[in-house]
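Going by this note's numbering, the first residue of the sequence shown is number 3, and it counts up by one from there. The C-beta atom is built at its ideal place from N, Cα and C for all residues, glycine as well. Working notes for the structure below.
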Amino acid sequence: MTTEQINKIKELALSFGFECSENVPLSRYTTFGIGGACPLMIEAGSEQGTAELVREMTSEKLPFYIIGKGSNLLVEDGDISMIFLHMGKAMSDISEENGVITCQAGAALSAVSAFARDKGLTGLEFAYGIPGNIGGAVFMNAGAYGGEMKDVIVSVTACDLMGNIREFPAGELDFGYRHSRFSAGGYVILSARLRLTAGDKEKISERMAELTRMRKEKQPLEYRSAGSTFKRPQGAFAAQLIEECGLKGYSCGDAQVSEKHSGFVINKGTASFEDVMNVIEHVKKTVSLQKGISLECEPEIIRRG
Ligand SMILES: Cc1cc2nc3c(=O)[nH]c(=O)nc-3n(C[C@H](O)[C@H](O)[C@H](O)COP(=O)(O)OP(=O)(O)OC[C@H]3O[C@@H](n4cnc5c(N)ncnc54)[C@H](O)[C@@H]3O)c2cc1C
Numbered sequence: 003m004t005t006e007q008i009n010k011i012k013e014l015a016l017s018f019g020f021e022c023s024e025n026v027p028l029s030r031y032t033t034f035g036i037g038g039a040c041p042l043m044i045e046a047g048s049e050q051g052t053a054e055l056v057r058e059m060t061s062e063k064l065p066f067y068i069i070g071k072g073s074n075l076l077v078e079d080g081d082i083s084m085i086f087l088h089m090g091k092a093m094s095d096i097s098e099e100n101g102v103i104t105c106q107a108g109a110a111l112s113a114v115s116a117f118a119r120d121k122g123l124t125g126l127e128f129a130y131g132i133p134g135n136i137g138g139a140v141f142m143n144a145g146a147y148g149g150e151m152k153d154v155i156v157s158v159t160a161c162d163l164m165g166n167i168r169e170f171p172a173g174e175l176d177f178g179y180r181h182s183r184f185s186a187g188g189y190v191i192l193s194a195r196l197r198l199t200a201g202d203k204e205k206i207s208e209r210m211a212e213l214t215r216m217r218k219e220k221q222p223l224e225y226r227s228a229g230s231t232f233k234r235p236q237g238a239f240a241a242q243l244i245e246e247c248g249l250k251g252y253s254c255g256d257a258q259v260s261e262k263h264s265g266f267v268i269n270k271g272t273a274s275f276e277d278v279m280n281v282i283e284h285v286k287k288t289v290s291l292q293k294g295i296s297l298e299c300e301p302e303i304i305r306r307g
């Protein structure tokens, strides 16, 4: 990737009115607070402009990555030679018509859930405490407390790498456990339509408050992390297996298996990518040896190119 190519993309982004920043530490864009710098961070500001940028980066063969809240990412330290397209506040419109909420990919799940509550619509309470954006939540079919994105999605609008925009009905989204048709890459999610049902505002608020209390009680929210570090293995719970293997509190530098919830690897302060990976690898190896179960990492891992 040459400076000339990066500048060309920057000029195009600026021509759409998108904000651009150079040499941006990704630690600022991830909930783990870990990650080296990328040469260019673009704030996506419109669906059409995003699609055009994607087409241009593809035809220039420039490596790029879509980032939302960075709450399911673990990024290597050092120079990350990719352009980052941030789907955040500049693309976070939310609207409603006849019980169907349309939200752009950069809308925070908490904001969409609160919007639904204010409209007296039920079905999205489960997502209130998940610290991601709509794009990231659709990408991996985020879920909690018995609910998943797949339960509420009517359709998703996304563009492919050539910038072609298309609306995908729910039936074509191949949703599974922490999986969607977008998980393999090749698409940028631009917006989603969610169908909710009429409910009682007070009950919706109570459920959201209850789930928030449960999260605070069980999860180490006082530390930085990417949430559950391991996917739920079939027929078992990662946290329980880790605890039974005596790994609660196991640490490497400032990375630690949380003492509060063994399914979370936390950053106690200045953990490096390597510290976190060392903890993850040790946990995987130990659980595999003692329990015969292979744990799979849940966060997406971004390595230097
Ligand atoms: C404290 C804590 C608690 C959590 N609890 C839960 C939970 O209960 N349930 C749960 O499911 N998850 C949970 N998570 C994980 C995380 O919040 C979810 O996976 C969330 O959906 C990720 O969204 P994001 O915007 O942060 O995505 P990011 O982390 O920014 O990105 C994740 C992946 O999605 C892709 N992506 C993001 N946006 C787009 C887009 N617009 N188009 C195409 N690809 C895109 C990225 O390229 C990346 O591969 C938790 C995380 C934390 C830190």
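In the three-state reduction of the DSSP assignment, residue 67 falls in the strand class.
Going by C-alpha positions, residue 105 is about 43 Å away from residue 248. Here DSSP, grouped into helix, strand and coil, assigns residue 200 to strand. Between the C-alpha atoms of residue 199 and residue 129 there is a straight-line separation of about 15 Å. Per DSSP, the beta bridge partners of residue 160 are 168 and 191. Rounded to the nearest whole angstrom, the C-alpha separation of residue 16 and residue 108 is 19 Å.
A straight-line Cα-Cα distance of about 8 Å links residue 121 and residue 203. Sequence-distant partners of residue 228 (beyond 5 residues in either direction) whose C-beta falls short of 7 Å from its own C-beta, in its chain, are 33, 34, 73, 74, 75, 76 and 301.
For the 8 Å CB-CB criterion, residue 55 and residue 11 form a contact. Look at residue 94 here: in three-state DSSP terms it is coil, with no helix or strand label.
When DSSP states are grouped into helix, strand and coil, residue 104 belongs to the strand group. Spatial neighbours of residue 167 in its own chain (CB-CB distance under 6 Å, excluding positions within 5 residues in sequence) are listed in chain order as 53 and 161.
One thing to note: residue 117 has its Cβ within 8 Å of the Cβ of residue 96. Take the alpha-carbon of residue 215 and the one of residue 263: they are about 15 Å apart. Taken in chain order, the complete beta strand (DSSP E) segments of 3 residues or longer contained in the stretch 211-250 are 226-230.
Of the candidates 258, 265, 91 and 266, 258 places its Cα closest to the Cα of residue 272. The beta carbon of residue 111 lies closer than 6 Å to those of 129, 132, 134 and 139 in the same chain, with the five residues before and after it left out. In the DSSP assignment, residue 302 falls outside any alpha helix (DSSP H) and lies within the beta strand (DSSP E) extending over 302-304. Assigned with DSSP and collapsed to three states, residue 290 falls in helix.
Each of 261, 61, 14 and 36 was checked against the Cα of residue 45, and the nearest Cα belongs to 14.
In this structure, residue 225 sits near residue 269, with a CB-CB distance shorter than 8 Å.
Beta-bridge annotation (DSSP): residue 150 is paired with 145.
Going by DSSP, residue 59 is part of no beta strand (DSSP E) but of the alpha helix (DSSP H) stretching over 49-61. When distances are taken from the beta-carbon of residue 179 to the heavy atoms of ligand 1, even the shortest one reaches 7 Å or more. Note on geometry: alpha-carbon atoms of residue 176 and residue 289 lie some 30 Å from one another. Around the beta carbon of residue 61, a 10 Å sphere encloses fewer than 16 other beta carbons of the protein chains shown; the residue is thus reported as exposed.
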